[in-house]
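Numbering (UniProt numbering), first residue to last: 1 to 113.
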């Protein structure tokens, strides 16, 4: 009766999450893309293996862009992936701001015209 067993003993994290700084980068870009009229909706999915931020032009479409965080790739290719609408990996990296740079450039081109 006096043998206490912790519920989560020896287990790793149950979900991969975006931290506050990562979400600030992503949501800042999302807000500017919404203001430019490019994106209208988003979704966040967090599982054991990855966390995914998806941005949509319309809610009924496939995501135009997905930002994926996979911590198990941290030491190899980088834990962040930028995936396009067709499912092709556009970019990989160890840090989030350089990964989002192509989207920032797309936004700058819209402002210049």
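In this text, a Cβ means the ideal position worked out from N, Cα and C, and glycines have one as well.
All values reported here derive from a predicted model rather than from experimental measurement.
- The criterion of a C-beta distance shorter than 8 Å is satisfied by residue 102 and residue 91.
- Distances from the CA of residue 40 to each of 76, 61, 88 were compared; the closest alpha carbon is that of 61.
- Comparing alpha carbon positions, the residue from 79, 2, 50 closest to residue 14 is 50.
- For the set 63, 64, 78, the Cα lying nearest the Cα of residue 70 is the one of 78.
- DSSP links residue 53 through a beta bridge to 44, 67.
- Between residue 26 and residue 53, the CB-CB gap stays under 8 Å.
- In the DSSP annotation of this structure, the continuous segment of the alpha helix (DSSP H) that includes residue 32 starts and ends at 20-35.
- Annotation: residue 99 is outside any beta strand (DSSP E); the continuous alpha helix (DSSP H) that includes it extends over 96-99.
- Taking C-beta atoms as the reference points, residue 100 and residue 29 count as a pair closer than 8 Å.
- For the pair residue 18 and residue 42, the Cα-to-Cα distance works out to about 15 Å.
- Per DSSP, the beta-bridge partners of residue 89 are 83.
- DSSP places residue 104 in the helix class (H, G or I) of the three-state scheme.
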